[in-house]
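Trainee:
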Amino acid sequence: MTILLTIIGIAVFAVGLLISIAWHELGHLSTAKMFGIRVPQYMVGFGPTIWSRQKGETEYGIKAIPAGGYIRMIGMFPPGDDGRIEARSTSPFRGMIEDARSAAYEELRPGDETRLFYTRAPWKRVIVMFAGPFMNLVLAVAIFVGVCMTFGMQKQTTEVAGVQKCVIQQSEDRQKCAKGDPVSPGRAAGLEVGDRIVAFNGDPVHDWPTLSDTIRSTIGPATLTVVRDGQEVVLRPRLIENTVIAKDADGEVIAEKYVRAGYLGFEARTVIEPLTFGESVDRMGDMIEDGVDSVIALPSKIPDLWDAAFGDGERKADSPVGVVGAARISGEVMNLDIPAPNIVATLLLFLAMFNLSLFLFNMLPLLPLDGGHIAGALWESLRRNVAKVFRRPDPGPFDVAKLMPVAYVVAGIFICYTGLGLAYALSNAVFSGCAGLLITEAVERTG
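Using this note's numbering, read the sequence shown as starting at 454 and increasing by one per residue.
1) Using 7 Å as the threshold, is the C-beta distance between G585 and D852 below it?
2) Provide the residue span of the beta strand (DSSP E) that contains R689, from first to last.
3) What did DSSP end up calling E612 once you bin it into helix, strand or coil?
4) Is DSSP giving I741 helix, strand or coil here?
5) If you count every other CB in all the chains shown that lies within 10 Å of the CB of E539, and 16 or more means buried, which is it?
6) Quick one: what's got a C-beta closer than 8 Å to K608's C-beta in the same chain, skipping five residues either side?
7) Can you tell which of A828, F843 and V842 has the C-alpha that lies nearest to the C-alpha of P850?
8) With distances taken from CA atoms, which of V492, V745 and R781 is nearest T455?
9) Which full runs of the beta strand (DSSP E) of 3+ residues lie inside the region 564-631, going along the chain?
10) Which class does L819 belong to by DSSP, given the choice of helix, strand or coil?
11) Which residue's Cα is closest to the Cα of H826: L856, A840, L800 and A798?
12) Please classify P858: does DSSP put it in a helix, a strand, or coil?
13) Closer than 6 Å by C-beta to I524: which residues in its own chain qualify, once you throw out the five before and the five after it? Chain order, please.
14) What is the C-beta distance between T611 and V658, in whole angstroms, given that I count them as a contact (C-beta under 8 Å)?
15) Determine whether the beta carbon atoms of F438 and I474 lie at a separation below 7 Å.
16) Is N808 helix, strand or coil by DSSP?
17) Bridge partners for P504 per DSSP, in chain order?
18) Would you identify the three-state DSSP class for F814, choosing helix, strand or coil?
19) If you count every other CB in all the chains shown that lies within 10 Å of the CB of R691, and 16 or more means buried, which is it?
20) Within 6 Å: the Cβ of T671 and any heavy atom of the ligand SAM?
21) Out of curiosity, what's the CA-to-CA distance linking I668 and G784?
22) Is it right to say M529 is buried, meaning 16 or more other beta carbons lie within 10 angstroms of its own, or is it exposed?
23) Helix, strand or coil: which one does DSSP assign to P657?
24) Which residues share a DSSP beta bridge with M496?
25) Is the separation between the beta-carbon of P575 and that of A830 shorter than 7 Å?
26) Using a Cβ-Cβ cutoff of less than 7 Å, which residues in the same chain neighbour L569 once the five nearest sequence positions on both sides are dropped?
27) Start and end of the beta strand (DSSP E) containing G715?
28) So what does DSSP say about V797, is it helix, strand or coil?
29) CB-CB under 8 Å to F587, same chain, minus the five flanking residues each way: which ones, in chain order?
30) Within the chosen definition, does the region 643-650 reach the region 667-687 through at least 3 CB pairs nearer than 8 Å?
31) Which same chain residues, not among the five before or five after L728, have their C-beta less than 8 Å away from its C-beta?
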């Protein structure tokens with residue numbers, strides 16, 4: 454049964470990946486046609502063609518390897534300096550440029566001279582290239598907000614789910630009490646499972662972030678008002694200083710970072726509640742901010758990933774995963790011991806995160822990514838406007854094809870990184886904590 458569920462999870466991810474890619478390429482296709490650019494091909498996947506159908510001037514199809522997609526636009530690059538579409542050279546770098554330029558004019562037909570991509574105004578080319586990643590962003594926002602407002606998101610409450618028996622530093626890798634560990638302040642004060650904390654030192658408490666911050670800032674005697682069996686009970690714990698996990702400005706825990714703070718010693722109950730539209734948008738904003746930080750930090754994660762794949766190092770929870778690792782995560786989500794609606798919500802959120810990653814990744818100003826073509830069009834617009842201001846001759850279109858050697862280097866780096874992720878995924882079981890943190894019913898110590 455476990456194997457079957459894993460296969461189903463992988464298949465679900467593959468379908469979601471294909472939909473995401475098709476949706477991305479649809480953005481390019483629709484805007485290219487809107488601006489009169491001829492598009493001979495719209496393909497989802499790479500490798501041999503499994504299915505295709507000609508509709509109008511465009512061939513639509515699905516290829517065997519669901520790891521990307523493309524549309525073929527005529528005239529992606531301008532002709533060379535000599536005005537010719539193709540000119541051969543023995544220089545390997547020049548050959549890359551000429552091969553790219555030649556491919557941009559494949560299937561050129563009479564009348565296409567006015568339908569070439571490079572002849573469109575820079576702002577139109579920016580729209581065409583931005584439309585693909587933007588479609589992924591739209592899909593990510595729609596899925597995320599939809600799940601937040603219907604199914605809901607994990608939320609910690611002020612209700613007690615468990616009371617720690619003793620004081621253990623959260624930096625220690627152990628759960629059981631050892632001889633000599635002091636009794637936790639919460640247990641010593643008589644705190645019980647099911648108690649709902651409504652006031653701390655006489656001040657009303659309505660939410661977990663406020664209660665957590667108050668506990669962390671308190672050391673010494675305190676009064677704790679709880680509701681137990683419908684009656685208010687006042688407890689008098691003496692909070693102590695302990696090593697607890699650190700939190701950022703938004704109240705989110707920081708993995709593997711600890712601070713000294715006040716400690717009561719209980720677990721807060723976690724529930725799943727639907728969010729309002731405003732709350733959902735705020736959560737989505739946090740998700741985008743985290744995604745940007747992850748893209749920026751990506752190069753720094755490679756050494757740890759290398760050590761985990763080929764050395765004795767352990768893979769960190771926030772390390773990136775490739776397509777194979779993402780598929781395995783989907784397979785493992787299907788085997789989680791949680792209700793079916795939770796599994797569906799988890800997979801949808803994972804798909805949203807994947808689409809957000811596609812958006813952010815493709816916006817990098819590097820060829821062969823969409824951001825590289827956007828940067829080229831913006832640079833061309835800047836050159837032409839500067840020439841106009843200083844009454845100089847029009848410099849003409851910027852030849853993005855000259856950056857193809859850089860594009861091959863970038864592509865090589867991506868391939869090596871994908872291979873590194875594959876090497877780890879094939880030798881280790883991978884599970885990303887992001888989906889579990891969002892959905893599974895868990896508890897967290899106050900620290």
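Beta carbons are placed, not taken as given, at the ideal position from N, Cα and C, and that holds for glycine.
Mentor: Here's the rundown:
1) In this structure, G585 sits away from D852, with a CB-CB distance that is not shorter than 7 Å.
2) Note, R689: premise wrong, no beta strand (DSSP E); not H, not E.
3) The DSSP-derived three-state label of E612 is strand.
4) Note: I741 maps to helix in three-state DSSP.
5) Reliability of the predicted coordinates at E539 is poor, the pLDDT of 45 falling under 50, and the value obtained from them is presented with this limitation in mind. Exposed is the call here.
6) Taking K608 as the centre and dropping the five residues before and after it, the same chain places the C-beta of W661, T723, V724, I725 and E726 closer than 8 Å to its C-beta, in chain order.
7) It is A828.
8) R781 is the residue among V492, V745 and R781 whose C-alpha sits nearest the C-alpha of T455.
9) Taking only runs of at least 3 residues, the beta strand (DSSP E) segments lying wholly in the region 564-631 are 606-616.
10) In this structure, L819 counts as coil in the three-state DSSP scheme.
11) If we check each option's Cα against that of H826, L856 comes out closest.
12) If DSSP states are grouped into helix, strand and coil, P858 belongs with the helices.
13) E478, H481, L482, V492 and Y495.
14) Between T611 and V658, the beta carbon gap of about 6 Å places them in contact (Cβ cut-off 8 Å).
15) Any question about residue 438 goes unanswered here, given that the chain covers just 454 to 900.
16) Residue state, collapsed to three classes: helix.
17) One point to set straight first is that residue 504 is Trp, not Pro, in the sequence displayed. For W504, which the question treats as bridged, DSSP gives the partners I515.
18) Of the three classes helix, strand and coil, the one that applies to F814 here is helix, per DSSP.
19) By the neighbour-count definition (other C-beta atoms within 10 Å, threshold 16), R691 is an exposed residue.
20) The ligand SAM is not part of the structure shown, which contains no ligands of any sort.
21) Approximately 39 Å between the Cα atoms of the pair.
22) Answer is buried; the Cβ neighbour count reaches 16.
23) DSSP places P657 in strand when its eight states are reduced to three.
24) For M496, the pairing in a beta bridge is given by DSSP as G514 and Y523.
25) Here P575 is near A830, since their CB atoms are less than 7 Å apart.
26) The residues I527 and G528, in chain order, have a CB closer than 7 Å to that of L569 in the same chain once the five nearest residues on each side in sequence are set aside.
27) Residue range V706 to Y716 is occupied by the beta strand (DSSP E) that includes G715.
28) When DSSP states are grouped into helix, strand and coil, V797 belongs to the helix group.
29) Cβ neighbours of F587 within its own chain (closer than 8 Å, five residues either side excluded): G480 and F812.
30) The answer is yes - the region 667-687 touches the region 643-650, with three or more Cβ pairs under 8 Å.
31) Cβ neighbours of L728 within its own chain (closer than 8 Å, five residues either side excluded): C601, M602, G605, M606 and R736.
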